[in-house]
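A.B. asks: Following this message is one structure expressed as structure tokens.
Number of protein chains: 2
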Amino acid sequence: MLRVSTRGEYGVRLMVDLARHYGGNARSLTEISQAEGLDAKIQYLEQLVKCLREQRLVESTRGAHGGYRLARPPEQVRMGEIVRALEGQIAPMICATEGAMPVICDRLDGCSTKVLWGRVRDAISNALDSMTLADLVEANRPISGAGQFVTLTPRARRAERQLS
Amino acid sequence: MLRVSTRGEYGVRLMVDLARHYGGNARSLTEISQAEGLDAKIQYLEQLVKCLREQRLVESTRGAHGGYRLARPPEQVRMGEIVRALEGQIAPMICATEGAMPVICDRLDGCSTKVLWGRVRDAISNALDSMTLADLVEANRPISGAGQFVTLTPRARRAERQLS
DNA sequence: TTATATCCGACTTGATTACTCGGAATAGGC
DNA sequence: GCCTATTCCGAGTAATCAAGTCGGATATAA
Chain A
1 MLRVSTRGEY GVRLMVDLAR HYGGNARSLT EISQAEGLDA KIQYLEQLVK
51 CLREQRLVES TRGAHGGYRL ARPPEQVRMG EIVRALEGQI APMICATEGA
101 MPVICDRLDG CSTKVLWGRV RDAISNALDS MTLADLVEAN RPISGAGQFV
151 TLTPRARRAE RQLS
Chain B
1001 MLRVSTRGEY GVRLMVDLAR HYGGNARSLT EISQAEGLDA KIQYLEQLVK
1051 CLREQRLVES TRGAHGGYRL ARPPEQVRMG EIVRALEGQI APMICATEGA
1101 MPVICDRLDG CSTKVLWGRV RDAISNALDS MTLADLVEAN RPISGAGQFV
1151 TLTPRARRAE RQLS
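As given, the protein sequences belong to chains A and B, one line each in that order. Every letter in the first sequence is one number past the one before it in the numbering used here, and letter 9, counting from 1, is 9. Add 1000 to a position in the second sequence, counting from 1, and you land on the number used in the numbering used here.
In structure tokens:
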């Protein structure tokens, strides 16, 4: 549990693809989705990339030969920015929402579990913010091109979960 | 996002309640749910406490004056054990499931994002395992009894999410 | 024997996720 | 100017999952 949705999954992969091609031509969603084995979900990617554009993480050009490129060099894009753009603020529990001090939960200091969820949130934030797109591209360099991408069926996801 | 479900939320609160009363009589679900403002969900708690018993985190006695007690002193119960019992293995992404090395994703080393999700998973695990029930009870001691517990409606949850 | 509990599996429902659909706007190449 | 490739946009849908319900069996103290 504590899952990242497909928005986060696909969106991060999309950004890694853009990082790999940083400096070159704009990448169309068609190209990206094929490279990532997501050609069936190209329309879904449209939605995701919209969030990324609104957060100024990518820039787009329309029309023929159009597409997307990173708005900044990969070293300057923290993974936390990407995930937040796609999934919203990190908040394992409603009383532990990043940034906003929730008025909604009136247990305030009386709630002993708040400490716990706050720490979980900070741990996630730090993990995400301590890596950049460049780190991910780097890690993969030596074996670039190897391996096919597989999109998991809901069935497979469930199967995996059973392993616990 | 990256939410803990109500299973984790209520289950942790239940365990904190048991920790507060460690050494005393068994606590019935009726008592616990009233103390935590969850009286409406007592049947739901039954489900959760079942998982906790199966993982030997609590012991139960049936019949009148029955109830639940911690199987170990609070200092010896890591929060990670509790959350895993309730929500399953920590796995922000299917390819980053605790323990099991997933055969399902054949991208293997070729997948640059695996590093990211692995780190997120470890960060969560460490945060949870570095706290015990005793830590949570401690943190709350000075103001015990203050503040009412509020169960949030789905509407309120959605409202909170908009804040991002 | 009665009241209070845990125990158990199956069922229901509402919310959320993961898409799909149809079409408008924009830009390059002929 | 027209055709094609592309981004852009809002609304709709279908499947999944979380959250909670229901009915009843079993155990135990008073």
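Cβ coordinates follow ideal geometry from the N, Cα and C atoms, glycine included.
1. For the region 51 to 69 of chain A against the region 11 to 27 of chain A, are there 3 or more C-beta pairs whose distance is under 8 Å?
2. For R13 of chain A, go through chain B and note every residue whose CB falls closer than 7 Å to its CB, in chain order.
3. Return the CA-CA distance between V4 of chain A and T1097 of chain B, expressed in angstroms with no decimal places.
4. Kindly list, in the order they appear in chain A, the residues whose Cβ is closer than 9 Å to that of A1035 of chain B.
5. CB L18 of chain A to CB R7 of chain A, shorter than 8 Å?
6. Hey, would you say V1049 of chain B sits closer than 8 Å to L1029 of chain B, going by beta carbons?
7. Based on Cα-Cα distance, which residue from B:P1073, B:T1113, B:A1139 and B:E1075 lies nearest to P1092 of chain B?
8. Which one or two residues does DSSP pair with S1060 of chain B in a beta bridge?
9. Pull the bridge partners of R1119 of chain B from the DSSP assignment, please.
10. Per DSSP, which one or two residues make a beta bridge with T6 of chain A?
11. Quick check: the Cα distance between G118 of chain A and Y1010 of chain B, rounded to an integer number of angstroms?
12. Less than 8 Å between CB atoms is the rule here; does I1124 of chain B satisfy it with respect to chain A?
13. According to DSSP, simplified to helix, strand and coil, what is T1097 of chain B?
14. Select from A:L116, A:R56, A:A134 and A:S33 the residue whose C-alpha is nearest the C-alpha of L45 of chain A.
15. How long is the line joining the alpha carbons of T1132 of chain B and Q1076 of chain B, rounded to whole angstroms?
16. When the Cα atoms are used, what is the spatial distance from E31 of chain A to C1111 of chain B?
17. Taking the alpha helix (DSSP H) that L29 of chain A belongs to, which residues open and close that run?
18. Label V63 of chain A either buried or exposed according to how many other C-beta atoms from any shown protein chain fall within 10 Å of its C-beta, with 16 as the threshold for buried.
19. Is the beta carbon of L86 of chain A sitting closer than 8 Å to the one on L1116 of chain B?
20. Taking the C-alpha atoms as reference points, what is the distance between E59 of chain A and R53 of chain A?
21. Between L45 of chain A and chain B, is the shortest Cβ-Cβ distance under 8 Å, so that the two count as touching?
22. Please identify, using Cβ separations under 7 Å, the residues of the region 66 to 80 of chain A that lie next to chain B, in order along the chain.
23. With 8 Å set as the bound, which would you pick, yes or no: does the beta-carbon of R1119 of chain B sit closer than that to a beta-carbon of chain A?
24. Which residues in the same chain as S1125 of chain B place their Cβ atom closer than 8 Å to its Cβ, once the five residues preceding and following it in sequence are excluded?
25. I need the straight-line Cα distance from M231 of chain A to I82 of chain A, nearest angstrom please.
26. Kindly list, in the order they appear in chain A, the residues whose Cβ is closer than 8 Å to that of A1139 of chain B.
27. Per DSSP, which residues does T1113 of chain B bridge with? Please list them.
28. List the residues of chain B whose Cβ lies closer than 8 Å to the Cβ of V16 of chain A, in chain order.
29. So with Cβ pairs under 8 Å, would you call A1134 of chain B a contact of chain A?
30. Closer than 9 Å by beta-carbon distance: list the chain A residues that pair up with A1040 of chain B, in chain order.
C.D. replies: In this structure, then:
1. With a cut-off of 8 Å, the region 11 to 27 of chain A and the region 51 to 69 of chain A count as touching, because enough Cβ pairs lie within range.
2. As a position in the first sequence, residue 13 of chain A is number 13, starting the count at 1. Ordered by position in chain B, the residues that pass the 7 Å Cβ test against R13 of chain A are T1113.
3. Here residue 4 of chain A is taken as the residue at index 4 of the first sequence, counted from 1. Here residue 1097 of chain B is taken as the residue at index 97 of the second sequence, counted from 1. Straight-line Cα distance between these residues: approximately 12 Å.
4. To locate residue 1035 of chain B, count along the second sequence from 1; it is residue 35. The contacting residues do not exist; A1035 of chain B stays about 12 Å from chain A at best.
5. Translated into positions along the first sequence, residue 18 of chain A becomes position 18. Translated into positions along the first sequence, residue 7 of chain A becomes position 7. R7 of chain A is positioned such that its CB atom lies no closer than 8 Å to that of L18 of chain A.
6. As a working note, residue 1049 of chain B is residue 49 in the second sequence. As a working note, residue 1029 of chain B is residue 29 in the second sequence. Yes. Within cutoff.
7. Sequence index remark: in the second sequence, residue 1092 of chain B carries index 92 (1-based). The alpha carbon of P1092 of chain B has as its nearest neighbour, out of B:P1073, B:T1113, B:A1139 and B:E1075, the alpha carbon of B:T1113.
8. The residue given as residue 1060 of chain B occupies position 60 in the second sequence. When beta bridges are read from the DSSP output, S1060 of chain B appears opposite B:Y1068.
9. Within the second sequence, residue 1119 of chain B is the residue found at index 119, counting from 1. For R1119 of chain B, which the question treats as bridged, DSSP gives no partner whatsoever.
10. In the first sequence, counting from the first residue as 1, residue 6 of chain A sits at position 6. Answer by DSSP bridge pairing: none, since T6 of chain A is not bridged.
11. Reading the first sequence from its first residue, position 118 is the one you call residue 118 of chain A. Reading the second sequence from its first residue, position 10 is the one you call residue 1010 of chain B. Whole-angstrom Cα-Cα distance: 16 Å.
12. Position 124 of the second sequence, counted from the first residue, corresponds to residue 1124 of chain B. I1124 of chain B counts as touching chain A.
13. Numbered from 1 along the second sequence, position 97 holds the residue referred to as residue 1097 of chain B. Three-state result, T1097 of chain B: coil.
14. Residue numbering aside, residue 45 of chain A sits at position 45 when the first sequence is read from its first letter. The shortest C-alpha separation from L45 of chain A is found at A:S33.
15. Position 132 of the second sequence, counted from the start, is the residue given in the question as residue 1132 of chain B. Position 76 of the second sequence, counted from the start, is the residue given in the question as residue 1076 of chain B. Rounded to whole angstroms, the gap between the alpha carbons of T1132 of chain B and Q1076 of chain B is 7 Å.
16. Taking the first residue of the first sequence as position 1, residue 31 of chain A is located at position 31. Taking the first residue of the second sequence as position 1, residue 1111 of chain B is located at position 111. Cα atoms of E31 of chain A and C1111 of chain B: separation of roughly 18 Å, rounded to the nearest angstrom.
17. Residue mapping note: residue 29 of chain A aligns to position 29 of the first sequence, counting from 1. Here the alpha helix (DSSP H) through L29 of chain A covers L29 to A35.
18. Within the first sequence, residue 63 of chain A is the residue found at index 63, counting from 1. For clarity, residue 63 of chain A is Gly in the given sequence; the question names Val instead. So G63 of chain A ends up on the exposed side.
19. Walking along the first sequence from the start, residue 86 of chain A turns up at place 86. Walking along the second sequence from the start, residue 1116 of chain B turns up at place 116. Contact: no.
20. In the first sequence, counting from the first residue as 1, residue 59 of chain A sits at position 59. In the first sequence, counting from the first residue as 1, residue 53 of chain A sits at position 53. Their Cα atoms are separated by approximately 6 Å.
21. On the first sequence, position 45 is the one that residue 45 of chain A refers to. Judged by the 8 Å Cβ criterion, L45 of chain A is not in contact with chain B.
22. Listed by position along the chain: M79.
23. Numbered from 1 along the second sequence, position 119 holds the residue referred to as residue 1119 of chain B. Interface annotation, R1119 of chain B: in contact with chain A, CB-CB separation under 8 Å.
24. Looking up residue 1125 of chain B in the second sequence gives position 125. If we look at S1125 of chain B and ignore the five residues flanking it on each side, its Cβ neighbours are G1080, I1090 and E1098.
25. No answer is possible for residue 231 of chain A: the residues shown for chain A start at 1 and end at 164.
26. As a first step, residue 1139 of chain B must be located in the second sequence, where it is residue number 139. Those within 8 Å of A1139 of chain B in chain A are S112 and V115.
27. Against the second sequence, residue 1113 of chain B aligns to sequence position 113. Beta-bridge annotation (DSSP): T1113 of chain B is not paired with any residue.
28. The residue you call residue 16 of chain A lines up with position 16 of the first sequence. Those within 8 Å of V16 of chain A in chain B are S1112 and T1113.
29. Within the second sequence, residue 1134 of chain B is the residue found at index 134, counting from 1. Proximity of A1134 of chain B to chain A, defined by a Cβ-Cβ separation below 8 Å, is not satisfied.
30. What you label residue 1040 of chain B is simply residue 40 of the second sequence in a count that begins at 1. Simply none; closest approach about 17 Å.
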